[in-house]
Structures are given as C-alpha cells and as structure tokens.
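Notes follow the structure.
Numbering (this note's numbering), first residue to last: 995 to 1254.
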C-alpha cells in the first residue's frame, strides 16, 4: 500500500477563513475567523515538510500562523466596516421631498449592488514578503510592457498610414495646382484671341457698310441723272448744250455727295 500524497496548500485553502456567515459580527465572528486561521496554519505546518514550496506562494514560511491571523483580522475589519456602512444606510430617515427620496433610493440601490459584488468577490491576500512583492511587481511590469508594445505598434501603423495618406494628398494637390495653371494659361490665350477676333470682325462689318453706302450713292446719282434727263432735257445738236448738261450733272453729283 503506497503512501498517501501530502496535501498541497494553496491560497484558496487559506481563504476558507472568509467563508464564515457574513451576518456574524463582533467578537463571535472574529473568534471564529481566528480559529479557522489557526487550524489552517496547523495543517500547513504539518504538510510543509513533505511538499516543496512553490515560488508563487503568498505566505511567509517563518510565521504562517501569525500571518494568517493578522490577515484574517484585517479582512474581518473591512467586512465590519462594510456592515456598519450598510446598517447606517438602512436606518437613515428619508426626507419628504420626492427629489431627495429618488436620489437616496438610487444611492441605496447602487450601494446594495456594490455590496453584493463585494460579497461574491473572493478577497486577495497580499503578503508583506519582499521576494513575493518583487515577483508580483515584475509580472505586472511585464504585462504592462507587453500592453505598451501593442499600443506602440498600433500607433506606428496608424502613423505610417497617415503618412502615406498625406503623401498621396500632397501629390494630388500638386496635380490640381498644375491643372489650374494650365487652365489659367488657356483662358488667357482665349481672351486675347477673342479681343483680336472682335476687332477684326468690327473692321470687316464697317468695311461692308461702307461698300453698301457707296453702292447706294451710285444708285442715287444714277437716279438723279435719269430724273434730270427726263424732266430737264437739253438740245442734243448744240455743243454748248452738251457742255451745260455735263456741268449740270457734275453739280448734281456734288450736291448728292454733300448730302450723303
């Protein structure tokens, strides 16, 4: 028949002292917690010779009984303080005002929920052993370092993406500026062409009007000559008469030219 393996005590076994009824207060509850702590310390002392102590053990091997008693007393003090606060809140007289009543009701519900959470939560025993505290500090620092590295990598990736976006936007801005410059040059050339085209067109229109006026003038002179021949005929046999007629026609044309 083999030997029965020695029991390995863990922090969960130590926390059995906190499983006493919560409603027991004063010396009765404290004495029960101390008795449980003494029992655990005794069992721990009987088993520690056969079991190697792990590095993460939260109890000092020199005085396990005293440490358990002190830590249980501290935990019991915290429990008594919570019970005292809760009892004060329960016996508090509510004012008549509806606003104050609603505020106090909400506060009571919040404190009740917090108290229930503290009841369900298992207390963590933190030892005063420097070696254990150093190990816990190292573990926390490693965890924090890992989280900071993740944050740094995320920030670097975000900065890289922002830099790429900035370069792309800057390139797009340069292209837009070049396009605007080309459009301005094209608009300037078109404006010069429009001015030149307008002057040329105006000159051509003026020239066409002058030609029309000259043609109209010729028509008037011809009509005037026909009118003179019809209403003021001259003898055709006499040379003097021909000269007079030619002079008369020239005077008529000069008069028509002055009128126009």
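Ideal placement from N, C-alpha and C gives every residue a C-beta, glycine not left out.
query	result
Where does residue 1070 land, buried or exposed, given buried means 16+ other C-beta within 10 angstroms?	buried
Secondary structure at residue 1123, three-state DSSP: helix, strand or coil?	coil
Rounded to whole angstroms, what's the CA-CA distance from residue 1067 to residue 1075? Just pull it up for me.	12 Å
What is the rounded straight-line gap between the Cα of residue 1210 and the Cα of residue 1175?	53 Å
Looking at the unbroken alpha helix (DSSP H) that takes in residue 1108, where does it start and where does it end?	1092-1114
Within its chain, find whatever has a CB closer than 8 Å to the CB of residue 1164; leave out the 5 residues flanking it on each side and keep chain order.	none
Can you have a look at residue 1145 and say buried or exposed, based on whether 16 or more other CB atoms are within 10 angstroms of its CB?	exposed
Indicate the three-state DSSP secondary structure (helix, strand or coil) for residue 1160 in the structure shown.	helix
With DSSP run on the structure shown, which of helix, strand or coil describes residue 1226?	coil
Among 1160, 1072, 1167, which one has its Cα closest to the Cα of residue 1112?	1072
Just to confirm before moving on: does the CB-CB distance between residue 1080 and residue 1109 stay below 8 Å?	yes
Work out the CA separation of residue 1128 and residue 1116 for me, nearest whole Å.	23 Å
In chain order, what residues of the same chain lie with their CB nearer than 6 Å to the CB of residue 1042, ignoring the 5 residues before and after it?	Reliability fails at residue 1042, whose pLDDT of 45 lies under 50, so the model's placement of it is uncertain and no value is given.
Excluding the five sequence neighbours on either side, which residues of its own chain have a C-beta within less than 6 Å of the C-beta of residue 1160, listed in chain order?	none
Who are the Cβ neighbours of residue 1092 in its own chain at under 8 Å, not counting the five residues just before and after it?	none
Taking Cβ positions only, does residue 1074 come closer than 8 Å to chain C?	Any reference to chain C falls outside this structure, which holds one protein chain only.
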